[in-house]
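J.: Line order of the protein sequences matches chains Z and A.
Counted from 1, the first sequence has number 298 at position 299 by numbering that gives the first Met the number 0; the numbering is strictly sequential.
Counted from 1, the second sequence has number 9 at position 10 by numbering that gives the first Met the number 0; the numbering is strictly sequential.
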Amino acid sequence: MKIYDVIIIGGGPSGLCAAQRCAEAGLDTLLLDRSPSLGGQLIKQTHKFFGSKEHYAKVRGIDIAKLLQEKLTSFENLTIYTETTVVGIYEDFVVSTLHHNQYKKVQAKAILCAVGASEKFLAFENNDLPQIIGAGALQTLVNQTHVVPGDTMVMIGSGNIGLIVSYQMMQAGMKVKAIIEANDCIGGYKVHASKLRRLGVPIHTKSTIKRAIGTDKLEAVEIIQLDEHYQEIPNTSEIIPTDVLCISVGLSPLHQLTSMLNAKSAYIQELGGWVPLLDDTYQSSVPGLFACGDMVGIEEASSAMMEGHLAALHVCAYLKQSHPQAAELIPYYENQLYELRNGIHGAKTLKGILKRKEAMNAQ
Amino acid sequence: MRRLTSHPILDISSQPTITFTFEDTILEGVEGDSIASALIANGIVSFSTSIKKHRPRGFYCAIGNCASCEMNVDGVSHVRTCITPLKAGMMVKREER
Chain Z
0 MKIYDVIIIG GGPSGLCAAQ RCAEAGLDTL LLDRSPSLGG QLIKQTHKFF
50 GSKEHYAKVR GIDIAKLLQE KLTSFENLTI YTETTVVGIY EDFVVSTLHH
100 NQYKKVQAKA ILCAVGASEK FLAFENNDLP QIIGAGALQT LVNQTHVVPG
150 DTMVMIGSGN IGLIVSYQMM QAGMKVKAII EANDCIGGYK VHASKLRRLG
200 VPIHTKSTIK RAIGTDKLEA VEIIQLDEHY QEIPNTSEII PTDVLCISVG
250 LSPLHQLTSM LNAKSAYIQE LGGWVPLLDD TYQSSVPGLF ACGDMVGIEE
300 ASSAMMEGHL AALHVCAYLK QSHPQAAELI PYYENQLYEL RNGIHGAKTL
350 KGILKRKEAM NAQ
Chain A
0 MRRLTSHPIL DISSQPTITF TFEDTILEGV EGDSIASALI ANGIVSFSTS
50 IKKHRPRGFY CAIGNCASCE MNVDGVSHVR TCITPLKAGM MVKREER
C-alpha cells in the first residue's frame, strides 16, 4: 500500500488550490475525485464571477476550472485519480477507494477533506417524481453535457443559484414560467433578478410549492401563497404546467467523511448545517485531518479557493515541510478571505465561523 | 428533450455518436455524455423505482450523492449513472425490484 504525505479528497475549487500548494511544497500528494473531471461545480458555471481580480472576477467558472488545473500539470509529486470515490477513512489514515468497481487502499500522513456540499431538498407531495431536478444538477445536464430536459421549467428558490440557473436555462432555450420564493424578498443579488425580470420571468415571493402533479414524471406544479408566518393562504393556489421543476433551496455541507473519523462536529445554521470543528489552521479535532471549502461552511467558490490555499499551507507546516512562500501567502489569503466576507452577505458566515471556533475551543 | 446545437457562451461542437442498449432498445448517445444525460436525451427520465412502493425515480443531484439515478450497467448493480461516462456497447437496465 502506497503511503503519501497527504491525500486531498475532492477536486473542486478548494481541493485544486490545495493540491497546487501541497505539490509546490514538495509533498507527495494524492488528489481524489469521484467525478470523471476535476473542477467540481466550476465546470458547468458559465457565468462570470464577481469580486476582485484575485478572485477571478469577470472570468467564467468553466474557465477558472481550466486555469486551476493548468497549475497542476508540472508536478511529478502529484498523483490525481478521478472517478474515484472514497468509501472509508480509518484511524491510521488508510483511505479505502472505489474506482471502476475495484477497491484500492492508500494511506497518508495527513488528510485534507474538500468534498463540498450537496443540494438541500424540500418536502412536498410527489417531490420524488422524475424531472424534479436540483439546480446544480440541471446546470450540469445542460451546460456540461448539453442536454436540455424539457421546454419549460419552474424554479423554487430565488437565491443567487436559483436566479443564475434560471437565466442559464433561458440561454439554453427553456422557458422559465416562474421563480417561487417563500420569503418576502428575493434572496439573490438584484442584478441577477433584474435581468430575469427584464426578460419577463415572474418572481413570486411569499409563495411555495404545494405539490407536484404527474404519474410517471412531472406534468405540473401547484403553487400557493404564504402569509407572514409562512402559512398557506387558502384559495390562492395556482397550477402551472411544466416539464421541469428545479429546486434551489440551499446546500448542506458534506461532513460525513470527517465524521467517519469521529472528528468533532456541530450543527451551525449560519454555515449550512453539520460541519467539522476546526482550529485556526483548518485542522479538525483529529490531528492531521484537515478540512476546507463548502464542507466546513457554505460560501462561494471564491472563498473555497482561498481556504484551499490556506488549509494546504497549514498541512505543509503540520508535516514539517513548510511551503517556501508560506510567510507571505498565509497573511495574503487570510486578508483575501477577510475582504470576501466583509459585505452584508459575509456577516452571516463570519458569525458561523465564530460559532465553529467557540465550539472547537469548548471541546 | 433535445441536445443543444448552439449556445451564446458554450462552444457546442458535434460529438461522435456512441451506441448503447437501454433495456432491450438500442439508443444513441454522444462522446462526453454521462449515462444519465444520454438517457434523458432519448426521453428516458425514469431511471429506477423506489424499493417499497416502486415509485419512479429520476435525475436529481448529478454529483453521485443522492442514489436516485442508480441503475444496472453491464451486469453491475447500483451504478451512479450521473457520474459514469457513457461508453459504446454499455448495457443499461433499471434495477429489478
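Ideal Cβ placement from N, Cα and C applies to all residues, glycine included.
Please read these numbers as outputs of a predicted model, since none were measured by experiment.
On the three-pair Cβ rule with 8 Å, is the stretch 205-214 of chain Z touching the stretch 96-113 of chain Z?
T.: In short, these stretches do not touch, since the Cβ pair count stays below three.
J.: DSSP state of residue 44 of chain Z, grouped into three classes?
T.: Reduced to three states, the DSSP call for residue 44 of chain Z is coil.
J.: Give me the DSSP bridge partner(s) of residue 73 of chain Z.
T.: Beta-bridge pairing links residue 73 of chain Z to no other residue.
J.: Taking C-beta pairs closer than 8 Å, name the residues in chain A that residue 147 of chain Z reaches, listed in chain order.
T.: Those within 8 Å of residue 147 of chain Z in chain A are 0, 1, 2 and 3.
J.: Straight-line CA distance for residue 179 of chain Z to residue 192 of chain Z?
T.: Near 12 Å, if we compare the C-alpha coordinates of residue 192 of chain Z and residue 179 of chain Z.
J.: Under 8 Å, do residue 13 of chain Z and residue 307 of chain Z count as touching if we go by C-beta distance?
T.: Yes, these two residues count as a Cβ contact at 8 Å.
J.: Strictly under 8 Å for the Cβ-Cβ distance: is residue 33 of chain Z near chain A by that measure?
T.: With 8 Å as the cut-off, residue 33 of chain Z counts as an interface residue toward chain A.
J.: Taking a Cβ distance cut-off of 9 Å, strictly less, list which residues of the stretch 57-76 of chain A are near chain Z, in chain order.
T.: For the stretch 57-76 of chain A, which is checked against every Cβ of chain Z, the residues closer than 9 Å are 57, 58, 59, 60, 61, 62, 63, 64, 65, 67 and 75.
J.: Determine which residues share a DSSP beta bridge with residue 48 of chain A and list them.
T.: In DSSP, residue 48 of chain A forms a bridge with A:55.
J.: Taking all protein chains shown into account, decide if residue 197 of chain Z is buried (16 or more other Cβ within 10 angstroms of its Cβ) or exposed.
T.: Counting Cβ neighbours within 10 Å, residue 197 of chain Z comes out exposed, since fewer than 16 surround it.
J.: Using a Cβ cut-off of 9 Å, which residues of the stretch 126-138 of chain Z contact any Cβ in chain A, in chain order?
T.: Per Cβ criterion, the list reads 127, 128, 129, 130, 131, 132, 133, 135, 136, 137 and 138.
J.: Return the CA-CA distance between residue 216 of chain Z and residue 126 of chain Z, expressed in angstroms with no decimal places.
T.: Their backbone Cα atoms lie some 11 Å apart in a straight line.
J.: What is the residue span of the alpha helix (DSSP H) that residue 143 of chain A lies within?
T.: Nothing about residue 143 of chain A can be reported from this structure: the residues present for chain A run from 0 to 96 only.
J.: Rounded to whole angstroms, what's the CA-CA distance from residue 351 of chain Z to residue 268 of chain Z? Just pull it up for me.
T.: One C-alpha to the other measures close to 7 Å.
J.: Counting along the chain, where does the alpha helix (DSSP H) carrying residue 301 of chain Z start and finish?
T.: Residue 301 of chain Z -> alpha helix (DSSP H) spans 300-317.
J.: So, is the C-beta of residue 211 of chain Z closer than 8 Å to a C-beta in chain A?
T.: No, because no Cβ of chain A sits closer than 8 Å to the Cβ of residue 211 of chain Z.
J.: Residue 329 of chain Z and residue 244 of chain Z: beta carbons closer than 8 Å?
T.: Cβ atoms of residue 329 of chain Z and residue 244 of chain Z: not closer than 8 Å.
J.: With distances taken from CA atoms, which of Z:62, Z:2 and Z:81 is nearest residue 10 of chain Z?
T.: Here the closest residue by C-alpha is Z:81.
J.: List the DSSP bridge partners of residue 264 of chain Z.
T.: BP columns for residue 264 of chain Z point to Z:275.
J.: Please list, in chain order, all residues of the same chain as residue 151 of chain Z whose beta carbon is under 6 Å from its beta carbon, the five residues on each side excluded.
T.: Closer than 6 Å at Cβ, skipping near neighbours: 174, 176, 241 and 242.
J.: Among the candidates Z:98, Z:99 and Z:147, whose CA atom is the shortest distance from the CA of residue 39 of chain A?
T.: Out of Z:98, Z:99 and Z:147, Z:147 has the C-alpha closest to the C-alpha of residue 39 of chain A.
J.: Count the other C-beta atoms from every protein chain shown that fall within 10 angstroms of the C-beta of residue 19 of chain Z, then say buried if there are 16 or more, exposed otherwise.
T.: Per the 10 Å Cβ criterion, buried.
J.: Is there a Cβ of chain Z sitting closer than 8 Å to that of residue 87 of chain A, yes or no?
T.: It does not; no Cβ of chain Z falls within 8 Å.
J.: Can you tell which of Z:87, Z:322 and Z:209 has the C-alpha that lies nearest to the C-alpha of residue 123 of chain Z?
T.: When each option's Cα is compared against that of residue 123 of chain Z, the closest is Z:209.
J.: Between residue 262 of chain Z and the rest of its own chain, which residues show a CB-CB distance below 7 Å, the 5 nearest in sequence each way excluded?
T.: Excluding sequence neighbours, residue 262 of chain Z sits near 275, 283, 284, 285 and 288.
J.: Rounded to a whole number of angstroms, what is the C-alpha to C-alpha distance between residue 380 of chain Z and residue 234 of chain Z?
T.: Nothing about residue 380 of chain Z can be reported from this structure: the residues present for chain Z run from 0 to 362 only.
J.: Would you identify the three-state DSSP class for residue 24 of chain A, choosing helix, strand or coil?
T.: Strand, per DSSP.
J.: Which residues in the same chain have their Cβ closer than 6 Å to the Cβ of residue 304 of chain Z, if we skip the five residues on either side of it in sequence?
T.: Cβ within range, chain order: 12 and 16.
J.: Quick check: residue 165 of chain Z and residue 186 of chain Z, are their CB atoms within less than 8 Å of each other?
T.: Not in contact: residue 165 of chain Z and residue 186 of chain Z (Cβ atoms no closer than 8 Å).
J.: Could you give the residue range of the beta strand (DSSP E) that holds residue 169 of chain Z?
T.: From DSSP, residue 169 of chain Z is part of no beta strand (DSSP E) but of the alpha helix (DSSP H) over 159-170.
J.: Could you tell me if residue 12 of chain A is buried or exposed, where buried requires 16 or more neighbouring beta carbons within 10 angstroms of its beta carbon?
T.: Exposed, by the Cβ-count rule.
J.: Name, in chain order, the residues that DSSP records as bridge partners for residue 71 of chain A.
T.: Residue 71 of chain A pairs with A:92.
J.: Beta-carbon separation of residue 52 of chain A and residue 71 of chain A under 8 Å?
T.: Contact flag unset, no.
J.: Start and end of the beta strand (DSSP E) containing residue 152 of chain Z?
T.: Counting along the chain, the beta strand (DSSP E) containing residue 152 of chain Z begins and ends at 151-155.
J.: So which of Z:168, Z:321 and Z:324 has the shortest CA-CA distance to residue 6 of chain A?
T.: The residue with the shortest Cα to Cα distance from residue 6 of chain A is Z:168.
J.: Measure from the C-beta of residue 207 of chain Z to each C-beta in chain A and report whether the shortest distance is under 8 Å.
T.: No, no contact with chain A.
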